[in-house]
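Peer 1: Could you have a look at this structure, given as structure tokens, before my questions?
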Amino acid sequence: MAEDDLYTKDGTVDFRGNPAKRSETGTWKACPYILGNECSERLAYYGMSSNLVVYFKKHLNQHSTTASNNVTNWGGTCYITPLIGAFLADAYLGRYYTIALFSIIYVIGMTLLTLSASIPGLRPACHGKDDCHATTMQSVVCFIALYLIALGTGGIKPCVSSFGADQFEDTDEVEKKHKSSFFNWFYFSINVGALVAASVLVWVQMNVGWNWGFGIPTVAMAIAVVFFFSGTRLYRNQKPGGSPLTRICQVLVASFRKYHVNVPANEESLYETGDADSAIKGSRKLEHTKDFRFLDKAAVQTESDIVKGLVDPWRLCTVTQVEELKAIIRLLPVWATGIIFATVYGQMGTLFVLQGLTMYTKMGNRGFEIPEASLSIFDTLSVLFWVPVYDRLIVPAARKLTGHKNGITQLQRMGIGLFISIFSMLSAGILEVIRLSYVRRHNLYELDKIDISIFWQVPQYFIIGCAEVFFFIGQLEFFYEQAPDAMRSLCSALQLTTVALGSYLSTLLVTIVTKISTRHGKPGWIPDNLNHGHLHYFYWLLAGLSVLNLGVFMLVAKWYTYKKPLGTLR
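Following the working numbering, the numbering of the sequence shown begins with 6 at its first residue and continues without gaps.
If you want it as structure tokens, here you go:
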């Protein structure tokens with residue numbers, strides 16, 4: 006074996022910047038540390054956030070709608086901030102150092118949140134279990150901590166999944182097959198952390214106290230940092246390729262400057278480097294595609310493109326650089342169809358919990374009370390059930406039928422997830438119809454909890470979990486695979502912003518519905534006392550939007566053109 010064969014073919018380096026030996030780094034050897042980091046970080050995140058709507062309502066004394074909107078707005082921000090971390094990772098720092106930097110910010114935010122619920126003067130004054138009143142300053146400190154957490158989690162979120170996938174080479178067929186499996190087990194590790202959060206930590210918050218309820222997630226985040234740094238010597242690190250936004254702007258500027266230039270019929274006459282390597286560091290060359298022909302003008306060579314013997318990058322771009330922008334544009338319609346799914350998914354942390362607050366939560370003869378937010382454990386259990394079923398049973402069976410290496414395409418997987426999600430909203434709406442019928446029949450309008458078990462919510466949680474395994478994991482893998490090599494963190498962040506926009510859309514829909522439905526003194530669809538409301542109407546609305554969204558997705562998937570990389574990374 007030649008000495009060069011000992012090193013990865015994709016130009017990855019170790020944490021010092023030296024070439025990474027293939028036999029000593031990456032693959033499943035490095036993944037336990039990445040999966041352990043993700044599991045602990047998600048335990049911290051979900052442990053802190055799963056019951057946040059209850060904390061806002063009962064300890065910060067916020068109205069139901071205000072509490073719900075504050076949670077969705079904060080949750081949305083957690084999925085917008087990944088754009089910051091992704092840009093830094095792709096352009097300057099690389100994924101390893103970006104994760105390290107934002108992990109520190111994350112721990113600071115978690116620590117401050119714990120202090121805001123623990124230290125007299127910072128924590129809200131309570132007279133009894135749920136009779137609490139927070140001052141303006143106490144609320145401000147709480148929200149500063151939460152938005153530091155949003156910055157921290159957002160900074161590392163787009164990098165960890167891509168960093169894990171970087172441990173497997175695209176040019177090695179065996180490793181490439183393992184990469185597809187990695188995304189399944191990555192999502193599995195997320196839900197192991199969420200399982201502990203939704204069961205143990207929610208119970209601690211409701212029965213022991215919020216100081217412990219926030220303190221334990223803080224310790225979990227510290228453990229996540231230890232996990233990450235423990236695997237440092239085993240990681241393969243992709244080199245940052247420079248600012249992706251600059252390259253995108255260069256293509257747009259060059260195209261508009263040459264709006265009068267005709268694109269030649271012979272695509273081989275378009276500008277590209279003569280070397281085997283791409284001019285973009287950390288990226289393979291991309292094969293020319295025939296859509297979005299206007300952008301090809303940026304790669305048409307003219308005399309004014311050369312200034313003092315050098316190519317002006319704002320006048321002439323390589324085919325690969327143009328194809329990078331085309332790849333991003335193709336992803337946008339697929340990205341947009343994820344917003345409605347994210348809106349449906351977001352109901353678990355808001356309206357599902359508020360619906361659960363009106364139901365019977367005791368279990369067994371001893372009257373063990375189940376925290377309403379703990380029902381999300383069934384979403385987690387659903388994911389933990391379906392991930393191995395999908396990876397070990399469905400994929401091999403589908404592979405025999407279709408001949409596709411992954412069993413079904415990523416777009417087909419996402420479409421199945423969108424279809425399944427519709428039934429979660431139908432299940433939640435049917436339960437609310439039954440619950441309100443019981444209230445009317447027995448005249449229980451002023452009763453806080455009625456004698457219908459909260460376990461009737463299990464189907465809606467379980468169905469969402471199944472939909473996640475198909476849609477979210479398929480989406481995660483799709484955006485990584487279809488992203489230009491030097492923009493993978495950015496495209497992972499783009500994928501995550503669907504969750505943010507789903508949260509914001511949920512807030513917008515709740516606000517509009519509340520404003521319209523409360524006219525003329527009516528209680529509206531989602532009043533403080535849901536016994537007087539029509540929450541099921543909101544679930545029907547989301548189900549209808551999901552059906553329309555599925556139709557749009559099917560058209561987008563039929564139109565989509567896959568990227569075509571050439572050669573190997575250097």
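Cβ coordinates follow ideal geometry from the N, Cα and C atoms, glycine included.
Since the model is a prediction, treat every value here as computed from it, not as a measurement.
Hey, Y101 and F168: beta-carbon distance below 8 Å or not?
Peer 2: For this step, residue 101 is matched to residue 96 along the sequence shown. For this step, residue 168 is matched to residue 163 along the sequence shown. Yes, these two residues count as a Cβ contact at 8 Å.
Peer 1: Tell me the rounded alpha-carbon separation between E486 and L499.
Peer 2: On the sequence shown, position 481 is the one that residue 486 refers to. On the sequence shown, position 494 is the one that residue 499 refers to. Using only the alpha carbons, I get a separation of about 13 Å.
Peer 1: Are S55 and S381 close, meaning C-beta to C-beta below 8 Å?
Peer 2: Here residue 55 corresponds to residue number 50 of the sequence shown, with the count starting at 1. Here residue 381 corresponds to residue number 376 of the sequence shown, with the count starting at 1. Yes, they are a contact pair.
Peer 1: Give me whichever residues DSSP pairs with M368 in a beta bridge.
Peer 2: Locating residue 368 in the sequence shown gives position 363, counting from the first residue. DSSP output for M368 lists F373 as bridge partner(s).
Peer 1: Below 8 Å between beta carbons: does that hold for L416 and L540?
Peer 2: Sequence index remark: in the sequence shown, residue 416 carries index 411 (1-based). Sequence index remark: in the sequence shown, residue 540 carries index 535 (1-based). Cβ distance not < 8 Å, so L416 and L540 don't count as in contact.
Peer 1: Distance check for L359 and G438, CA to CA, integer angstroms please.
Peer 2: As a working note, residue 438 is residue 433 in the sequence shown. As a working note, residue 359 is residue 354 in the sequence shown. The displayed chain sequence assigns Val, not Gly, to residue 438. The straight-line gap from Cα to Cα measures roughly 15 Å.
Peer 1: According to DSSP, is A284 helix, strand or coil?
Peer 2: Here residue 284 refers to the residue found at position 279 of the sequence shown. A284: coil per DSSP, three-state reduction.
Peer 1: Cα separation between K410 and L398?
Peer 2: In the sequence shown, counting from the first residue as 1, residue 410 sits at position 405. In the sequence shown, counting from the first residue as 1, residue 398 sits at position 393. Approximately 14 Å between the Cα atoms of the pair.
Peer 1: Quick check on the burial criterion: 16 or more other C-beta atoms within 10 angstroms. Buried or exposed for F61?
Peer 2: As a working mapping, residue 61 is identified with position 56 in the sequence shown. When all chains shown are included, F61 counts as buried.
Peer 1: With a threshold of 8 Å on Cβ separation, who are the neighbours of L353 within its own chain once the five nearest residues in sequence on each side are excluded?
Peer 2: Residue numbering aside, residue 353 sits at position 348 when the sequence shown is read from its first letter. According to the sequence shown, residue 353 is Met rather than Leu. Only S381, D384, Y466, I469 meet the Cβ criterion.
Peer 1: Spatial neighbours of Q304 within its chain, please: C-beta separation below 6 Å, excluding the five flanking residues on both sides.
Peer 2: For the purposes of this step, residue 304 is identified with residue 299 of the sequence shown, where counting begins at 1. It is Ala, not Gln, that sits at residue 304 in the sequence shown. L275, Y276, C322, V324, V327, listed in sequence order.
Peer 1: From the beta carbon of L514, is the nearest beta carbon of chain C less than 8 Å away?
Peer 2: Absent here is chain C; the protein component of the structure consists of one chain.
Peer 1: What are the boundary residues of the alpha helix (DSSP H) that I457 is part of?
Peer 2: As a position in the sequence shown, residue 457 is number 452, starting the count at 1. Per DSSP, I457 belongs to no alpha helix (DSSP H); it is in the beta strand (DSSP E), 455–458.
Peer 1: Taking the DSSP output, what are the residues bridged to A130?
Peer 2: Within the sequence shown, numbered from 1, the residue matching residue 130 stands at position 125. DSSP, once it has assigned bridges, lists H138 as partnering A130.
Peer 1: Check L315 in the structure and name its three-state DSSP category.
Peer 2: Residue 315 sits at position 310 when you count from the first residue of the sequence shown. Reduced to three states, the DSSP call for L315 is strand.
Peer 1: State the Cα-Cα distance for the pair Y565 and Q67, rounded to the nearest angstrom.
Peer 2: Residue mapping note: residue 565 aligns to position 560 of the sequence shown, counting from 1. Residue mapping note: residue 67 aligns to position 62 of the sequence shown, counting from 1. Y565 and Q67: Cα-Cα distance of roughly 45 Å.
Peer 1: For the alpha helix (DSSP H) holding Q306, just list the boundary residues, first then last.
Peer 2: What you label residue 306 is simply residue 301 of the sequence shown in a count that begins at 1. That residue, Q306, is in no alpha helix (DSSP H); it is neither H nor E in DSSP.
Peer 1: Looking at the strands, I want to know which residues DSSP matches up with L291.
Peer 2: Within the sequence shown, residue 291 is the residue found at index 286, counting from 1. Beta-bridge pairing links L291 to P570.
Peer 1: Measure the alpha-carbon distance for T5 versus S458 and round it to whole angstroms.
Peer 2: Outside the displayed span of the chain (6 to 575) sits residue 5, for which this structure offers no information.
Peer 1: Sorted by chain position, which residues of the same chain lie with C-beta nearer than 7 Å to P129's C-beta, five sequence neighbours on each side aside?
Peer 2: By 1-based counting over the sequence shown, the position of residue 129 is 124. Contacts found: H64, L65, C137, H138, A139, Q143.
Peer 1: With a threshold of 7 Å on Cβ separation, who are the neighbours of K34 within its own chain once the five nearest residues in sequence on each side are excluded?
Peer 2: In the sequence shown, residue 34 corresponds to position 29, counting from 1. Here the set comprises L239.
Peer 1: From M559 to E377, what does the alpha carbon distance come to, in whole angstroms?
Peer 2: For the purposes of this step, residue 559 is identified with residue 554 of the sequence shown, where counting begins at 1. For the purposes of this step, residue 377 is identified with residue 372 of the sequence shown, where counting begins at 1. Approximately 36 Å, taken between the alpha carbons.
Peer 1: Hey, quick one: how far does the alpha helix (DSSP H) through N411 stretch, first residue to last?
Peer 2: Indexing the sequence shown from 1 puts residue 411 at position 406. Looking at the DSSP string, N411 is not in any alpha helix (DSSP H), and its letter there is neither H nor E.
Peer 1: With DSSP collapsed to three states, give me the class of P532.
Peer 2: Within the sequence shown, residue 532 is the residue found at index 527, counting from 1. Here P532 sits in coil by DSSP.
Peer 1: Identify the continuous alpha helix (DSSP H) that holds G52 and give its terminal residues.
Peer 2: As a working mapping, residue 52 is identified with position 47 in the sequence shown. Element bounds for G52: 32–54.
Peer 1: Hey, out of N271, F193, V518, A72, whose CA is closest to L48's CA?
Peer 2: Stepping through the sequence shown from its first residue, residue 48 is reached at position 43. For the residues N271, F193, V518, A72, the minimum Cα distance to L48 belongs to F193.
Peer 1: Would you call E8 buried or exposed, if buried means 16 or more other Cβ atoms sit within 10 Å of its Cβ?
Peer 2: Numbered from its first residue, the sequence shown carries residue 8 at position 3. Unreliable placement is indicated for E8, whose pLDDT of 37 sits below 50; the coordinate value is still reported in the next sentence. By the 10 Å Cβ count, E8 comes out exposed.
Peer 1: Excluding five sequence neighbours on each side, which residues of the same chain lie with their C-beta closer than 8 Å to the C-beta of M6?
Peer 2: As a position in the sequence shown, residue 6 is number 1, starting the count at 1. For M6, the predicted structure reports a pLDDT of 37, less than 50, and the residue's modelled location is therefore unreliable. A value from the coordinates is still provided. Within the same chain, M6 has no close Cβ partners at all.
Peer 1: Between Y97 and G90, what straight-line distance do the alpha-carbon atoms span, to the nearest angstrom?
Peer 2: Position 92 of the sequence shown holds residue 97. Position 85 of the sequence shown holds residue 90. Roughly 10 Å separates the two Cα atoms.
Peer 1: Go through its chain and collect everything with a Cβ distance to S511's Cβ below 6 Å, but skip five positions before and after it.
Peer 2: Reading the sequence shown from its first residue, position 506 is the one you call residue 511. Excluding positions up to five away in sequence, the list reads T77, T348, G351.
Peer 1: Look at T363 and R440 and say whether their C-beta atoms are less than 8 Å apart.
Peer 2: Numbered from 1 along the sequence shown, position 358 holds the residue referred to as residue 363. Numbered from 1 along the sequence shown, position 435 holds the residue referred to as residue 440. Yes. Within cutoff.
Peer 1: Would you check if there are 3 or more beta carbon pairs closer than 8 Å linking the region 283–295 to the region 244–251?
Peer 2: Yes, the region 283–295 touches the region 244–251.
Peer 1: Alpha carbon to alpha carbon, what distance is there between I154 and I113?
Peer 2: Here residue 113 corresponds to residue number 108 of the sequence shown, with the count starting at 1. Here residue 154 corresponds to residue number 149 of the sequence shown, with the count starting at 1. Whole-angstrom Cα-Cα distance: 8 Å.
Peer 1: For I161, is the classification buried or exposed, using 16 other Cβ atoms within 10 angstroms of its Cβ as the cut-off for buried?
Peer 2: Taking the first residue of the sequence shown as 1, we reach residue 161 at position 156. Buried, because 16 or more other Cβ atoms sit within 10 Å of the Cβ of I161.
Peer 1: Compute the Euclidean distance between the alpha carbons of L206 and G52, then round it to the nearest angstrom.
Peer 2: Position 201 of the sequence shown, counting from 1, holds the residue named residue 206. Position 47 of the sequence shown, counting from 1, holds the residue named residue 52. Going from the Cα of L206 to the Cα of G52 covers about 6 Å.
Peer 1: By Cβ distance below 6 Å, which residues in the same chain neighbour G99 in space, the five residues on each side in sequence not counted?
Peer 2: Reading the sequence shown from its first residue, position 94 is the one you call residue 99. N242, P245, listed in sequence order.
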